[in-house]
Amino acid sequence: MPDKIKFVLIGSGLAGGLLAAYFGRRGCEVDLYERRADPRAGNFVGGRSINLALSTRGIHALKQLGIADEVLAHAIPMRGRMIHGKSGNLHFAPYDRDPKNYINSIGRAALNTTVIEAAQRYPNVRVRFNHLCTDVDLDAPSAHLRDTETNQTSEARGDAVIGVDGAFSAVRQSMQRQLDRFEYDESYLAHGYKELTIPPGADGGWLMEKEALHIWPRKSFMMIALPNPDGSFTCTLFWEFAGPRSFESTKTDDDIRRFFDEEFPDAVPLMPTLLTDFRDNPTGSLVTIRCAPWSYKDKVALVGDAAHAVVPFYGQGMNAAFEDCVVLDECLAEFPKNRERAFAEYFFRRKENADALADLAIHNFIEMRDKTASKTFRAKKKLDHLLEGLLPGVYLPLYTMVTFTRIPYAAAARRALVQDSIVYGILAVGALIISWVIVRAVIR
Ligand SMILES: Cc1cc2nc3c(=O)[nH]c(=O)nc-3n(C[C@H](O)[C@H](O)[C@H](O)COP(=O)(O)OP(=O)(O)OC[C@H]3O[C@@H](n4cnc5c(N)ncnc54)[C@H](O)[C@@H]3O)c2cc1C
Numbered sequence: 008m009p010d011k012i013k014f015v016l017i018g019s020g021l022a023g024g025l026l027a028a029y030f031g032r033r034g035c036e037v038d039l040y041e042r043r044a045d046p047r048a049g050n051f052v053g054g055r056s057i058n059l060a061l062s063t064r065g066i067h068a069l070k071q072l073g074i075a076d077e078v079l080a081h082a083i084p085m086r087g088r089m090i091h092g093k094s095g096n097l098h099f100a101p102y103d104r105d106p107k108n109y110i111n112s113i114g115r116a117a118l119n120t121t122v123i124e125a126a127q128r129y130p131n132v133r134v135r136f137n138h139l140c141t142d143v144d145l146d147a148p149s150a151h152l153r154d155t156e157t158n159q160t161s162e163a164r165g166d167a168v169i170g171v172d173g174a175f176s177a178v179r180q181s182m183q184r185q186l187d188r189f190e191y192d193e194s195y196l197a198h199g200y201k202e203l204t205i206p207p208g209a210d211g212g213w214l215m216e217k218e219a220l221h222i223w224p225r226k227s228f229m230m231i232a233l234p235n236p237d238g239s240f241t242c243t244l245f246w247e248f249a250g251p252r253s254f255e256s257t258k259t260d261d262d263i264r265r266f267f268d269e270e271f272p273d274a275v276p277l278m279p280t281l282l283t284d285f286r287d288n289p290t291g292s293l294v295t296i297r298c299a300p301w302s303y304k305d306k307v308a309l310v311g312d313a314a315h316a317v318v319p320f321y322g323q324g325m326n327a328a329f330e331d332c333v334v335l336d337e338c339l340a341e342f343p344k345n346r347e348r349a350f351a352e353y354f355f356r357r358k359e360n361a362d363a364l365a366d367l368a369i370h371n372f373i374e375m376r377d378k379t380a381s382k383t384f385r386a387k388k389k390l391d392h393l394l395e396g397l398l399p400g401v402y403l404p405l406y407t408m409v410t411f412t413r414i415p416y417a418a419a420a421r422r423a424l425v426q427d428s429i430v431y432g433i434l435a436v437g438a439l440i441i442s443w444v445i446v447r448a449v450i451r
């Protein structure tokens with residue numbers, strides 16, 4: 008690919024900044040437009056989770072650019088799940104049998120700033136904030152922009168426009184409007200989410216175990232909490248939007264207090280701002296978006312949530328978006344003279360994996376909110392770790408493959424199905440043999 012290729016990137020969220028850095032490293036000209044203000048001005052608008060779990064796939068993408076250590080310096084290791092029962096009883100379950108395998112709690116704002124700064128180290132990358140993309144002319148290709156401070160409109164032209172503008176991507180909407188047979192599917196969970204806070208203790212320290220992802224599983228709903236470097240925890244309540252007990256039916260302070268006292272009695276004393284947090288913080292929706300194709304000729308492509316938004320229960324949306332950047336960069340390197348082929352190859356390599364992750368993420372919601380509290384689930388996790396130890400490199404639990412390896416998501420899901428059928432088959436045969444031995448003994 009000639010060095011003077013110019014990319015117009017829309018969206019400098021987590022993947023946008025990273026992709027700009029990858030393209031900057033390739034020597035391409037990059038103009039990155041973001042509708043929001045510069046997060047470094049201290050006016051970071053989350054709208055999404057304040058902190059996220061960063062794991063192997065995301066770390067690999069950061070390592071390729073030499074910024075993993077910089078990012079991990081701000082991270083807190085979460086070595087396992089801390090399950091909170093209704094009576095306040097605690098149960099800690101490590102994520103992996105290898106203690107070196109853990110996930111990292113990282114602030115969205117800090118990570119966003121790091122990737123944008125990594126991109127700006129390349130003189131050929133320019134980042135423009137307060138620029139909203141309103142439409143993309145796919146054939147030009149060019150992006151129509153509006154300066155959100157002055158209301159002035161402009162057009163950004165390049166050799167290709169890349170939509171890294173999140174789940175409600177304007178670039179994808181332009182593809183939907185302009186392309187024949189563009190496939191699009193969006194589906195929402197019946198649950199929404201609300202962020203709440205556990206502030207630091209009087210000494211500035213963490214009021215619960217710091218190096219864990221805390222879960223309050225309550226069958227049809229749950230609350231989780233991730234630690235922050237300032238000693239606080241960000242809690243997220245995932246709860247039904249509507250129904251007899253739901254966001255919708257919980258209106259008064261008494262309703263809120265009663266619900267939390269009943270369901271999360273050990274957390275309530277740690278949440279002095281519960282009522283205001285609950286009232287003031289928005290209730291977010293949980294969407295899965297699938298679309299195809301992710302590119303148009305050699306002119307337009309989609310990356311990250313713009314191509315495949317998933318629900319957050321595997322902690323993989325950002326990790327997958329970072330993996331997209333790695334794969335797209337690899338494809339551009341493999342087909343330097345044929346960008347259309349590179350885009351098509353990127354779509355081919357990523358699509359089935361994005362679809363597999365979407366299914367895994369929905370399934371993991373059921374596992375987190377319902378099964379983590381059950382003895383059978385804990386026994387299965389122990390068995391997983393035992394088999395992993397007995398059959399190293401042969402048996403890998405699904406969670407391990409998704410979180411601590413770079414095995415493609417679809418391959419991990421297929422392998423887990425085979426492993427489960429063998430394990431359950433062996434258990435069933437074992438149970439049959441034991442029953443047969445008992446029956447024989449009784450008959451005699
Ligand atoms: C509650 C919750 C918890 C999560 N937890 C995790 C987790 O633990 N681990 C994990 O890996 N993932 C997690 N995710 C998923 C993760 O947030 C996303 O997958 C990730 O942010 C995707 O990055 P992105 O760059 O594709 O999109 P985004 O981060 O959404 O960035 C898109 C950017 O584009 C900008 N933009 C949008 N429209 C326009 C426009 N028209 N013009 C210009 N700019 C525009 C936006 O302002 C934004 O900056 C979570 C998500 C949620 C909702």
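In terms of this note's numbering, the sequence shown is residues 8 to 451. Ideal Cβ placement from N, Cα and C applies to all residues, glycine included. Because the structure is a prediction, the values reported are computed rather than measured.
6 Å Cβ shell around residue i - same chain, five flanking residues per side excluded
i, result
"arginine 356", "Val334"
"arginine 33", "none"
"valine 446", "none"
"valine 430", "none"
"tyrosine 353", "Val334, Leu335, Cys338"
"arginine 133", "Asp38"
"glycine 211", "Gly238"
"leucine 277", "Ile205, Leu214"
Boundaries of the alpha helix (DSSP H) in which residue i is found, first to last residue
i, result
"histidine 2", "Beyond the ends of the chain as shown, which are 8 and 451, falls residue 2; an answer cannot be given."
"isoleucine 263", "260-270"
"serine 3", "Because the chain in this structure spans residues 8 to 451, residue 3 falls outside the shown range and cannot be described."
"arginine 47", "Where arginine 47 is concerned, there is no enclosing alpha helix (DSSP H), given that its DSSP letter is neither H nor E."
"phenylalanine 30", "21-32"
Residue i burial status per 10 Å Cβ neighbour count (16 or more: buried)
i, result
"aspartate 336", "buried"
"threonine 407", "buried"
"leucine 61", "buried"
"glutamate 190", "exposed"
"tryptophan 443", "exposed"
"glutamate 193", "exposed"
"alanine 386", "exposed"
"valine 409", "buried"
"phenylalanine 175", "exposed"
"lysine 388", "buried"
Closer than 8 Å: residue i CB and nearest ligand 1 heavy atom
i, result
"phenylalanine 175", "yes"
"arginine 376", "no"
"isoleucine 17", "yes"
"glutamine 323", "yes"
"valine 310", "yes"
"valine 275", "no"
"threonine 243", "yes"
"leucine 61", "yes"
"alanine 22", "yes"
"threonine 141", "yes"
Other residues of its chain near residue i: CB distance less than 7 Å, five sequence neighbours each side excluded
i, result
"glycine 53", "Because the pLDDT of glycine 53 is 49, which lies under 50, any placement of that residue in the model is unreliable, and the question is left without a value."
"phenylalanine 271", "Trp223, Met230"
Sequence-distant residues of its chain with Cβ nearer than 8 Å to residue i (five each side left out)
i, result
"glycine 173", "Gly18, Gly20, Gly311, Asp312, Ala313, Ala316"
"arginine 451", "none"
"proline 46", "Ala116, Asn119, Thr120, Ile123"
"phenylalanine 99", "Gly87, Arg88, Met89, Ile90, Glu216, Ala219"
"leucine 293", "Tyr195, Leu196, His198, Gly199, Tyr200, Phe245, Val318, Pro319"
"glutamine 159", "Arg153"
Span of the beta strand (DSSP E) around residue i
i, result
"threonine 283", "No beta strand (DSSP E) holds threonine 283; the alpha helix (DSSP H) holding it covers 281-287."
"leucine 16", "13-17"
"leucine 39", "36-40"
"alanine 232", "229-234"
"alanine 197", "190-205"
"leucine 220", "220-224"
"phenylalanine 245", "240-247"
Proximity test, Cβ basis, 9 Å: residue i and chain D
i, result
"alanine 386", "Absent from the structure: chain D. Only one protein chain is present."
What are the start and end residues of each continuous beta strand (DSSP E) run of 3 or more residues lying completely inside the segment 292-340, in chain order? 307-309
Where in the segment 98-174 do unbroken runs of the alpha helix (DSSP H), each at least 4 residues long, occur, reported from the N-terminal end onward? 115-127
Every unbroken alpha helix (DSSP H) inside the segment 379-421 [4 residues or more]: 382-397, 405-411
Entirely within the segment 62-93 and at least 4 residues each: give me those alpha helix (DSSP H) ranges in chain order. The segment 62-93 contains, as complete alpha helix (DSSP H) runs of 4+ residues, the segments 63-71, 75-79 (chain order).
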